[in-house]
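Asker:
Residue numbers (the working numbering), protein chains in the order written: chain A, 1 to 340; chain B, 1001 to 1340.
Encoded structure:
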């Protein structure tokens, strides 16, 4: 580590001020992948208002809770929720242990890549697949399965690992908030254990700040060995009204910032908005069919309809991905930048 | 705030070294209310082993999770769990809104201070009382009720507010751990909302680090107003095997230190002990009938029987309150100190 005092003495004050400080200022400019405009301004103005000493909107660091949906807000969700693609791959990986799946729907459909049969199985079928692939092992074994899959699986469109299909502007927002002593949480419909397997590494969000859908687990102590087993029984569905409920149950404080991208985030935003003082409610609007995907009111995945209306009525921040984001993914070369 | 550079210039270096540094050293001596001996030594040696750079037992700060039971571990639990005394007082406070309680057990017993009828109602009766007094209001209103009660109620034996019936040596342990970058959690059988109403103020443990028994809550959005309502339906009983389950669900990391005082903490200690590397499992043994209470294997409250056996077998730290603690409560005058 460089001792700043020695460093200053060696190079002289003038050099420090002419060379180093401007570089630092540039490095500290928040949200570099956001185009200048009303959206970026609304985020920076909010953060300054609640963090500057003496501001009438000042919020104590301990109360600077920021919550983010994951699918479609921090990483992609097309052509299907990534966790569902994990579940399909797990069915194939473990098929030998379940010979009955060859003749039982919806598992047969997964094994045969039969999209029509899978569609016919509907949400109930998908839940069966998630239940079967997310249970019957310890929480630590499940964590291993997810990590192994993430290290090998590739996104069907980009060919990138799913952990790189994350939104660079949102990573910068997480960093910016944490630099201002916000505590950043994920509050999302994904399985908590699934999200914990990557959230710390790719978002800098530790396991204890990941809130999601949960299944009943049981404690076992056998032959001096303690473990926690996952069962397929749903404990909490962290979507819609389930989000403010889990925020209250796990955090016990009302967030002052909430970001989502779909109607499943509406109640989380309403709950955030209902508190006293200044708040920021935001939605990522997928408007960029060229660099990412364009979808909203009619989409089966990440439908954004009622929440978009309420955002417009109440003046919430709506991110127009196509025009507000200079870059979408960390791996995007500068040439993918949109012309303003 | 004193600017340390100016301060040093004004008073001179010699004064700093002769006067200030020894005072700082004394102030930093951990666990002043613990008598010197094997128990205090086991705590300090554990903390040093997992925090000193280069130690073979070194644990990264992010993984320094420490969990504490509350009733009987951080504060008292005699002559009855304090939360139960709150529930009895709430029955009396709200009796006018429930005229049927005058003739319905177990509420009638509470209103008439009929200890025999209350005992006859058993655990089921107590759960009814807790359910009735802990539901039907928003989580924020419940927080207000608990805070109001805590500000007015007094312990039947000491005449002190319940928030002063806390164990000074354990407060010092919490402080010591946090000074070494541990994250301190409560994992206890009390209602999460009840404990959050005081945990930050008296223990320095923020709401998001309080894990307890929970009841189902529901989100309501009416006339543009968002709220979360408490129902009497149990969601999670945070006792026994429920403790490692909630630790895994909420924290998602295995603690490296766990402290309890009863058989209800056994599984939490087993789960903590089952991880790799150095760990500290501890029990507060209530052996001090003079300054506090003496109870263990036969007690209906905080029964310590199987966990005491397992602690002895496995070499866990057992705190002998009478001989290990120089002082019990923060309000104890020095004259209450035990003679060694």
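Each residue gets a CB set at the ideal place from its N, CA and C atoms; glycine is no exception.
On a predicted model such as this, the values are computed, not experimentally measured, just so you know.
1. Roughly how many angstroms lie between the CA atoms of residue 331 of chain A and residue 323 of chain A, to the nearest whole one?
2. Could you tell me which chain A residues have their CB closer than 7 Å to the CB of residue 1248 of chain B, listed as they occur along the chain?
3. Assuming contact is defined by CB atoms lying nearer than 9 Å, are residue 327 of chain A and residue 168 of chain A in contact in what I supplied?
4. Run the CB neighbour count on residue 353 of chain A, radius 10 Å, all protein chains shown included, and call it buried at 16 or more, exposed below.
5. With a cut-off of 9 Å, does the C-beta of residue 208 of chain A fall near any C-beta of chain B?
6. Using a C-beta to C-beta distance shorter than 8 Å, which residues of chain A count as neighbours of residue 1225 of chain B?
7. Quick one: residues in its chain with C-beta nearer than 6 Å to the C-beta of residue 42 of chain A, no 5 flanking neighbours on either side, listed in chain order?
8. If you reduce the DSSP assignment to three classes, tell me which class residue 1195 of chain B lands in.
9. Less than 8 Å between C-beta atoms, sequence neighbours within five positions excluded: which residues of the same chain meet that for residue 1039 of chain B?
10. Who are the Cβ neighbours of residue 294 of chain A in its own chain at under 7 Å, not counting the five residues just before and after it?
11. Against chain A, which members of the stretch 1232 to 1261 of chain B pass a CB distance test of less than 7 Å?
12. Mind checking who residue 320 of chain A pairs with in its DSSP beta bridge?
13. For residue 1160 of chain B, which residues of its own chain have a beta-carbon under 7 Å away from its beta-carbon, when the five flanking residues on both sides are left out?
14. Can you tell me whether residue 1004 of chain B is helix, strand or coil according to DSSP?
15. For residue 76 of chain A, which residues from the same chain have a beta carbon less than 6 Å from its beta carbon, with the 5 sequence-adjacent residues on both sides left out?
16. To which residues does DSSP link residue 1360 of chain B through a beta bridge?
17. By the DSSP assignment, the alpha helix (DSSP H) with residue 266 of chain A in it spans what residues?
18. So what does residue 258 of chain A bridge to, in DSSP terms?
19. Rounded to whole angstroms, what is the Cα-Cα separation between residue 1233 of chain B and residue 1216 of chain B?
20. Quick one: list the residues of chain A neighbouring residue 1311 of chain B, beta-carbon separation under 8 Å, in chain order.
21. Return the chain-ordered list of same chain residues with a C-beta closer than 6 Å to the C-beta of residue 88 of chain A, the five sequence neighbours on each side being excluded.
22. Only counting the same chain, and skipping five residues up and downstream in sequence, which positions put a Cβ closer than 8 Å to that of residue 1068 of chain B?
23. Quick one: which chain A residues come within Cβ less than 7 Å of residue 1214 of chain B?
24. List the residues of chain C that residue 1088 of chain B touches, going by C-beta distances under 9 Å, in chain order.
25. Determine which residues share a DSSP beta bridge with residue 1219 of chain B and list them.
26. Would you please verify whether the beta carbon of residue 107 of chain A is less than 9 Å from any beta carbon of chain B?
27. Please report the straight-line C-alpha distance between residue 281 of chain A and residue 271 of chain A, rounded to a whole angstrom.
28. Name the residues in the stretch 51 to 66 of chain A whose C-beta lies less than 9 Å from a C-beta of chain B; which are they?
29. Over the uninterrupted alpha helix (DSSP H) stretch that includes residue 1047 of chain B, give me the two end residues.
30. Looking only at its own chain, which residues have a Cβ that is under 8 Å from the Cβ of residue 1284 of chain B, when we skip the five neighbours before and after it?
31. Considering just the uninterrupted stretch of the alpha helix (DSSP H) at residue 377 of chain A, what are its terminal residues?
32. Have a look at residue 105 of chain A and residue 1195 of chain B and give me their C-alpha separation to the nearest angstrom.
33. Is it buried or exposed, residue 119 of chain A, if we count other Cβ atoms within 10 angstroms and call 16 or more buried?
34. Using 9 Å as the limit for Cβ to Cβ distance, is residue 221 of chain A near chain B?
35. Which partner residues of residue 1184 of chain B appear in the DSSP bridge assignment?
36. Hey, out of A:180, A:255 and A:202, whose CA is closest to residue 147 of chain A's CA?
Answerer: Well, looking at it:
1. Here residue 331 of chain A refers to the residue found at position 331 when the first chain is read from its first residue. Here residue 323 of chain A refers to the residue found at position 323 when the first chain is read from its first residue. Using only the alpha carbons, I get a separation of about 19 Å.
2. The residue you call residue 1248 of chain B lines up with position 248 of the second chain. Under the 7 Å cutoff, chain A gives 139, 217 and 228.
3. Translated into positions along the first chain, residue 327 of chain A becomes position 327. Translated into positions along the first chain, residue 168 of chain A becomes position 168. Contact flag set, yes.
4. Shown here, chain A extends from 1 to 340; a query on residue 353 of chain A therefore has no answer.
5. Mapped onto the first chain, residue 208 of chain A falls at position 208. Yes, contact with chain B.
6. In the second chain, residue 1225 of chain B corresponds to position 225, counting from 1. 274, listed in chain order.
7. Translated into positions along the first chain, residue 42 of chain A becomes position 42. Excluding residues within five positions, the ones whose Cβ falls inside 6 Å are 317.
8. Within the second chain, the letter at position 195 stands for residue 1195 of chain B. In this structure, residue 1195 of chain B counts as helix in the three-state DSSP scheme.
9. Reading the second chain from its first residue, position 39 is the one you call residue 1039 of chain B. Taken in chain order, the residues that qualify are 1317, 1318, 1319, 1320 and 1324.
10. Here residue 294 of chain A refers to the residue found at position 294 of the first chain. Excluding positions up to five away in sequence, the list reads 286, 287 and 288.
11. 1241, 1244, 1245, 1248, 1249, 1250, 1251, 1252 and 1253
12. As a position in the first chain, residue 320 of chain A is number 320, starting the count at 1. DSSP lists A:285 as partners of residue 320 of chain A.
13. Locating residue 1160 of chain B in the second chain gives position 160, counting from the first residue. Taken in chain order, the residues that qualify are 1154 and 1331.
14. Taking the first residue of the second chain as 1, we reach residue 1004 of chain B at position 4. Its pLDDT being 43, under 50, residue 1004 of chain B is placed unreliably in this model, and the value from its coordinates should be taken loosely. Helix, per DSSP.
15. Within the first chain, residue 76 of chain A is the residue found at index 76, counting from 1. Correct list, in chain order: 165.
16. Since the first and last residues shown for chain B are 1001 and 1340, residue 1360 of chain B lies out of range.
17. Here residue 266 of chain A refers to the residue found at position 266 of the first chain. That run of the alpha helix (DSSP H) goes 266 to 273.
18. Start at 1 with the first residue of the first chain, and residue 258 of chain A comes out as number 258. DSSP lists A:67 and A:281 as partners of residue 258 of chain A.
19. Counting from 1 along the second chain, the entry for residue 1233 of chain B is found at position 233. Counting from 1 along the second chain, the entry for residue 1216 of chain B is found at position 216. Spanning the two alpha carbons is a distance of roughly 6 Å.
20. Start at 1 with the first residue of the second chain, and residue 1311 of chain B comes out as number 311. What residue 1311 of chain B touches in chain A: nothing, since even the nearest Cβ is about 15 Å away.
21. Position 88 of the first chain, counting from 1, holds the residue named residue 88 of chain A. Answer for residue 88 of chain A: 110, listed in chain order.
22. In the second chain, residue 1068 of chain B corresponds to position 68, counting from 1. Closer than 8 Å at the Cβ level, and outside the excluded window around residue 1068 of chain B, lie 1074, 1170, 1174, 1184, 1185, 1186, 1187, 1188, 1258, 1259 and 1260.
23. Locating residue 1214 of chain B in the second chain gives position 214, counting from the first residue. Those within 7 Å of residue 1214 of chain B in chain A are 249.
24. Of the protein chains in the structure, A and B, none is chain C.
25. Here residue 1219 of chain B refers to the residue found at position 219 when the second chain is read from its first residue. Looking at the DSSP assignment, residue 1219 of chain B forms a beta bridge with B:1228.
26. The count along the first chain starts at 1 and reaches residue 107 of chain A at position 107. Residue 107 of chain A does not count as touching chain B.
27. The count along the first chain starts at 1 and reaches residue 281 of chain A at position 281. The count along the first chain starts at 1 and reaches residue 271 of chain A at position 271. Near 10 Å, if we compare the C-alpha coordinates of residue 271 of chain A and residue 281 of chain A.
28. 62 and 65
29. Here residue 1047 of chain B corresponds to residue number 47 of the second chain, with the count starting at 1. 1038 to 1051 is the extent of the alpha helix (DSSP H) around residue 1047 of chain B.
30. Mapped onto the second chain, residue 1284 of chain B falls at position 284. Excluding positions up to five away in sequence, the list reads 1072, 1073, 1167, 1170, 1259, 1260, 1261, 1319 and 1321.
31. Given that chain A is displayed from residue 1 to residue 340, the structure contains no residue 377 of chain A and the question cannot be resolved.
32. Counting from one through the first chain, the residue named residue 105 of chain A turns up at place 105. Counting from one through the second chain, the residue named residue 1195 of chain B turns up at place 195. Near 47 Å, if we compare the C-alpha coordinates of residue 1195 of chain B and residue 105 of chain A.
33. Against the first chain, residue 119 of chain A aligns to sequence position 119. By the neighbour-count rule (16 or more Cβ atoms within 10 Å), residue 119 of chain A is not buried but exposed.
34. Residue 221 of chain A sits at position 221 when you count from the first residue of the first chain. Yes, contact with chain B.
35. Residue numbering aside, residue 1184 of chain B sits at position 184 when the second chain is read from its first letter. B:1066, per the DSSP bridge assignment.
36. Position 147 of the first chain, counting from 1, holds the residue named residue 147 of chain A. Minimum Cα distance to residue 147 of chain A is reached at A:202.
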